[in-house]
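Enquirer:
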Amino acid sequence: MSIDLKTIKHISKLSRISVNEKKADKLADDLNSIFKFIEKLNELKTDNVEPLTSVAETTLKLRPDEVKSKDIREQIIKNSPQDNEDYFVVPKVIE
Amino acid sequence: MSDITKQSLSELVKNIKDKKLSSEEVTKAFINRSEKSKKLNAYITENYSSALQKAKEFDQKPNLDLKLPGIPMAVKDLFCTQNIRTTAGSKILNNFVPSYESTVTKNIWNEGAILLGKLNCDEFAMGSSNETSFFGNVQNPIDKDLVPGGSSGGSASAVAGQLTPITIGTDTGGSIRQPASFTGTVGLKPTYGSCSRYGIVAFASSLDQAGPMAQNVKDCALLQEVISTYDPKDSTSIDFKRNNYSKELTYNIKGKKIGIPKEYRVDGMPHEIEELWQKGIQYVKDCGAEIVDISLPHTSYALPTYYIVAPAEASSNLARYDGVKYGFRAKGENLIDMYEKTRSEGFGAEVQRRIMIGTYVLSSGYYDAYYLKAQKVRKLIKNDFDEVFNKVDAILTPSTPSSAFKIGEKKDDPVSMYLNDIFTVPVNLAGLPGISIPAGHDTKGYPLGLQIIGKAFDEQNILNIAYAMEEKINFKNKITDWWIK
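Structure follows, in structure tokens:
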């Protein structure tokens, strides 16, 4: 299979990264060579293999739902690129 | 004392405890050398004046019972440090100042160490040469225009160049072991779940582990002892009995069974690396260990598996960089346009490439063919190791398929860059501990490393084997200070 410019546009939209024409060509080349390399996995039969999602053989621990961080609003918005007192600010969404 | 920076961590700790050196003297020495070493570009952020202040405070009231008393140390810029800029080598986090501290660095400061600065790395730890950093490439102290490896390239360069006595890196596919091998230093990737991931900028969460990088095995063991703790803030942190790695270190590896996997003899591997490997085999035999030929049949599938699993997790982890909550924001005509421009201008080429691969393999219609398939092959790779570890105590392999290469040499060919991690990636996929130790030089005089892989949670065993081998190898790093005028 090969990744064409239409696919690049689609992935670009899904990943919210704008891609111009020049960049799209280069990306298509790179991704095709990477996927050619990845296709090697098709040599293996894996129908009866359980997928491994994590090597940590542990079940998630439960803990009481207690508030541990209080009054940290300032810390949270401190790094926002644009702030207006107590809120995160984004470009207008609703006309 | 002009030779302070030549001392190992263990020597510095002893000299401070014996009051032969003060923390201020040691800190000053490493700051001076770091300032003379700007050419290496190892640092992203310097913290010198605050470090000196802290050293003076330590000397006024020295607590000599600590494991790292008044020891200055620079760390990879992937660890969040409270009130000190943390960039992950990316433009998108150029101005990010965390309000909290990573567990691993907190453990280090709690034992008395002092932050010298934040070290350069590949952007979001994605790279094998430190060339993807927004803050420029790092020079290898071994030779001019040579990459230090990656992604913990600044860390490796700083340890080899003696800008810091010791450091920490992170390893997702080889990012501690490969740069250690390229710079003639020691690097340990601990078992997954050994060191907390809390406060480490996430790349691929099922693979990421923090670990120590040092000039010798003993220093590495001491730092591992400090950073490995159970942490409820990381849901995959594992509560197991941790050894006093440095205290329990022993040369005695008599009777240990060491596996030699035939699949690690890859096509095109330089003769020198095969010879180094054979020498390594002889060394462990001389120490009384037994050599066992083994097979890890799915080895050649590890890299393709990694290049599905790691980008998939990265694409998901990096979705948080949207220009709203923190980090860089580009101007856009509307919200979507702002997101797309922020991510296009804020991320470098390699990070964008990996986000796109990850997005694709997780997208509708391709999930089963790629992501699920990779997870199944990951299981087969882990099964290989599980089976082999019924017969052997550890595995000995080369760390990398070549010595360090020139800056720019592989930059435009992603697949050839990825092949660097061929011997290190399987260890991450299986969640095992692995250590790289310097074992010799190639004909160019560049260092080469050997890797020892252990059973999960068996760090003590591979540290012991590394310790015993280190004594036999008697490696001397060739550092000429070429970058200091």
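In order, the protein sequence lines correspond to chains A and B. 1 is the number of the first residue of the first sequence in our numbering; add one for each residue after it. 1001 is the number of the first residue of the second sequence in our numbering; add one for each residue after it. For every residue, glycine included, the Cβ atom is placed at its ideal position computed from N, Cα and C.
(1) Does L97(A) come out as helix, strand or coil in the three-state DSSP assignment?
(2) Helix, strand or coil: how does DSSP classify G1449(B) here?
(3) Can you give me the C-alpha to C-alpha distance between S1471(B) and T1191(B), rounded to a whole angstrom?
(4) Is A1458(B) helix, strand or coil when you go by DSSP?
(5) Roughly how many angstroms separate the alpha carbons of K1379(B) and G1070(B), rounded to a whole number?
(6) Could you please give me the residues that DSSP links to T1443(B) through a beta bridge?
(7) Which residues share a DSSP beta bridge with N84(A)?
(8) Would you check if the distance between the CB atom of S1185(B) and the CB atom of M1213(B) is smaller than 8 Å?
(9) With Y1100(B) as the anchor, note down where its beta strand (DSSP E) starts and where it stops.
(10) Do the region 1153-1172 of chain B and the region 1127-1141 of chain B touch if we need at least three Cβ pairs shorter than 8 Å?
(11) So V1104(B) packs on F1079(B), CB below 8 Å; how close in whole Å?
(12) Comparing the C-beta of A24(A) with each C-beta of chain B, is any distance below 8 Å?
(13) Report yes or no: do the region 1332-1346 of chain B and the region 1383-1392 of chain B share at least 3 C-beta pairs separated by less than 8 Å?
(14) In chain A, which residues lie with their C-beta within 9 Å of the C-beta of M1338(B)?
(15) Quick check on G1434(B): does DSSP put it in helix, strand or coil?
(16) So N1120(B) and G1161(B) are in contact, right, with Cβ under 8 Å, and what is the actual spacing, rounded?
(17) Under a CB-based cut-off of 8 Å, is N32(A) close to chain B?
(18) Tell me, please, whether the region 1256-1265 of chain B touches the region 1281-1292 of chain B by the rule of three or more beta-carbon pairs shorter than 8 Å.
(19) Kindly give me the distance between the Cβ atoms of L1335(B) and V19(A), rounded to whole angstroms, as I take these residues to be in contact under 8 Å.
(20) Got a sec, what are the start and stop residues for the alpha helix (DSSP H) P1414(B) sits in?
(21) By Cβ distance below 6 Å, which residues in the same chain neighbour F88(A) in space, the five residues on each side in sequence not counted?
(22) For the beta strand (DSSP E) containing K1233(B), list its first residue and its last residue.
(23) Using the C-alpha atoms, what's the distance from R1197(B) back to E1101(B)?
(24) Grouping DSSP H, G and I as helix and E and B as strand, with all else coil, what is K1406(B)?
(25) How far does the beta strand (DSSP E) with G1117(B) in it reach, from first residue to last?
(26) Under 6 Å Cβ to Cβ from K1233(B), same chain only, skipping five residues before and after it: list those, please.
(27) Among the candidates Q1007(B), E1035(B), S1010(B) and L1012(B), whose CA atom is the shortest distance from the CA of K1485(B)?
(28) Taking Cβ-Cβ distances below 8 Å as the criterion, which residues of the region 56-67 of chain A are in contact with chain B?
Expert: On the basis of the data shown:
(1) Residue 97(A) lies beyond the residue range present for chain A, which begins at 1 and ends at 95; the question has no answer from this structure.
(2) On the second sequence, residue 1449(B) is found 449 positions in, with the first residue counted as 1. Strand at G1449(B).
(3) On the second sequence, position 471 is the one that residue 1471(B) refers to. On the second sequence, position 191 is the one that residue 1191(B) refers to. First, the residue type needs correcting, since residue 1471(B) is Glu and not Ser in the sequence shown. In a straight line, the C-alpha of E1471(B) is about 24 Å away from that of T1191(B).
(4) For the purposes of this step, residue 1458(B) is taken as residue 458 along the second sequence, with counting starting at 1. It is worth fixing the name first, because residue 1458(B) is Asp in this sequence and not Ala. Secondary structure of D1458(B) (DSSP, three-state): coil.
(5) Along the second sequence, one-based indexing puts residue 1379(B) at 379. Along the second sequence, one-based indexing puts residue 1070(B) at 70. Approximately 44 Å, taken between the alpha carbons.
(6) In the second sequence, residue 1443(B) corresponds to position 443, counting from 1. T1443(B) pairs with nothing; no bridge assigned.
(7) The residue labelled residue 84(A) in the question sits at position 84 within the first sequence. Among the bridge pairs identified by DSSP, N84(A) is matched with Y87(A).
(8) Along the second sequence, read from residue 1 onward, the residue named residue 1185(B) stands at position 185. Along the second sequence, read from residue 1 onward, the residue named residue 1213(B) stands at position 213. The amino acid at residue 1185(B) is misidentified as Ser; the sequence shows Thr. Contact: yes.
(9) Residue numbering aside, residue 1100(B) sits at position 100 when the second sequence is read from its first letter. Unbroken run through Y1100(B): none, as it is neither H nor E.
(10) yes
(11) On the second sequence, position 104 is the one that residue 1104(B) refers to. On the second sequence, position 79 is the one that residue 1079(B) refers to. Rounded, the Cβ-Cβ distance is 6 Å, consistent with contact.
(12) Position 24 of the first sequence, counting from 1, holds the residue named residue 24(A). For A24(A), the answer is no, since every Cβ of chain B falls outside 8 Å of its Cβ.
(13) no
(14) What you label residue 1338(B) is simply residue 338 of the second sequence in a count that begins at 1. Correct list: V90 and P91.
(15) Translated into the one-based positions of the second sequence, residue 1434(B) becomes position 434. Note: G1434(B) maps to strand in three-state DSSP.
(16) What you label residue 1120(B) is simply residue 120 of the second sequence in a count that begins at 1. What you label residue 1161(B) is simply residue 161 of the second sequence in a count that begins at 1. With a Cβ gap of about 12 Å, N1120(B) and G1161(B) do not count as contacting.
(17) In the first sequence, counting from the first residue as 1, residue 32(A) sits at position 32. N32(A) does not count as touching chain B.
(18) yes
(19) Indexing the second sequence from 1 puts residue 1335(B) at position 335. Indexing the first sequence from 1 puts residue 19(A) at position 19. With 8 Å as the limit, L1335(B) and V19(A) do not qualify as a contact, their Cβ atoms being about 19 Å apart.
(20) Residue mapping note: residue 1414(B) aligns to position 414 of the second sequence, counting from 1. It spans P1414 to Y1418 - the alpha helix (DSSP H) in which P1414(B) sits, taken as one unbroken run.
(21) By 1-based counting over the first sequence, the position of residue 88(A) is 88. Cβ within range, chain order: S80.
(22) Within the second sequence, numbered from 1, the residue matching residue 1233(B) stands at position 233. Taken as a continuous stretch (DSSP letters only), K1233(B) belongs to no beta strand (DSSP E), as it is neither H nor E.
(23) Counted from its first residue, the second sequence places residue 1101(B) at position 101. Counted from its first residue, the second sequence places residue 1197(B) at position 197. Whole-angstrom Cα-Cα distance: 11 Å.
(24) Taking the second sequence and counting its residues from 1, the one referred to as residue 1406(B) is at position 406. Residue state for K1406(B) is assigned as strand, using DSSP reduced to three classes.
(25) Numbered from 1 along the second sequence, position 117 holds the residue referred to as residue 1117(B). Start and end: I1114 to L1119.
(26) Translated into the one-based positions of the second sequence, residue 1233(B) becomes position 233. Same-chain partners within the cutoff: Y1198.
(27) Your numbering for residue 1485(B) matches position 485 in the second sequence. Of the listed residues, the one whose Cα sits closest to K1485(B) is E1035(B).
(28) A56, T58, L60, K61 and R63
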